[in-house]
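There are 2 protein chains.
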Amino acid sequence: MAKELRFVMLLDCYGDLLTEHQRNVMELYYCEDLSLAEIGNPLGITRQAVLSLIKRTENILLNYEEKLGFAERLSGIRACIDRIRSGADSIPDKKLRDNITDEIDNISKLL
Amino acid sequence: MAKELRFVMLLDCYGDLLTEHQRNVMELYYCEDLSLAEIGNPLGITRQAVLSLIKRTENILLNYEEKLGFAERLSGIRACIDRIRSGADSIPDKKLRDNITDEIDNISKLL
């Protein structure tokens, strides 16, 4: 099973809808990059049980994304504001450039 | 009970996580502006049952927003891009202005 960046993004988006146990195991696996055994041992559960929990939780996250699509939308907005930021650098008027850059920074904080 | 704009936004954000029945009743009440009796009669349920379903579903939506905050974030991004759009109108260089306006349009489609 590849540790995909996609699930890090989905976890970031929808992690708060998971149970604490689901979120904890997913973060150890996807963000801390621990192995199934390293996750299972301290919890007293087998590698197979950890894998099974991860798979079930992946499906929960994919289901949220299929219904809401926020991860893809936020990622698309991120790409657009990166291009606006590049363009804004070429605005000769400092005040206008700063105003637009400030708004881009505001959007970044909301993503 | 005031028919608040907030629930129209939350319904727009999280409506796909509701059951078809919940979403249907909420849309009739908040988007089509039907009364409790107008909603309940064709479904064969009392005004009180409709009200109770609406209240329960409002809490579900508020709970999603409390955990994910997407409605507020998207609304904040919308305000920022409106200000970027106003500013972009003053960019003298047509090509740069068009590029930035195109990206703003792309973001609008994702909101």
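Protein chains in written order, with this note's numbering: chain A, 7 to 117; chain B, 7 to 117.
The C-beta atom is built at its ideal place from N, Cα and C for all residues, glycine as well.
Every value quoted in this text rests on a predicted model; they were computed, and no experiment measured them.
Query	Result
From residue 43(B) to residue 69(B), what does the alpha carbon distance come to, in whole angstroms?	27 Å
Would you say residue 71(A) faces chain B, with C-beta separation under 7 Å as the test?	no
Report buried or exposed for residue 10(A), applying the criterion of at least 16 other Cβ atoms within 10 angstroms of its Cβ.	exposed
Closer than 8 Å, Cβ to Cβ, to anything on chain B: give me those residues from the segment 86 to 115 of chain A, in chain order.	86, 87, 89, 90, 93, 94, 96, 97, 98, 99, 102, 105, 106, 109, 110, 112 and 113
Can residue 35(B) and residue 60(B) be called in contact, C-beta distance under 7 Å?	yes
Residues in its own chain within less than 8 Å of residue 46(A) by CB, not counting five upstream and five downstream?	52, 53, 55 and 56
So, using beta-carbon positions, are residue 90(A) and residue 72(B) closer together than 7 Å?	no
Say whether chain B places a C-beta atom closer than 7 Å to the C-beta of residue 79(A).	yes
If you draw a straight line from the C-alpha of residue 7(B) to the C-alpha of residue 31(B), how long is it?	Below a pLDDT of 50, predicted positions are generally treated as unreliable, and residue 7(B), at 47, falls in that range; the measurement from the model is reported next regardless. About 15 Å.
Going by alpha carbons, who is nearest to residue 87(B) out of 24(B), 78(B) and 107(B)?	107(B)
I need the DSSP call for residue 50(B), collapsed to helix, strand or coil.	coil
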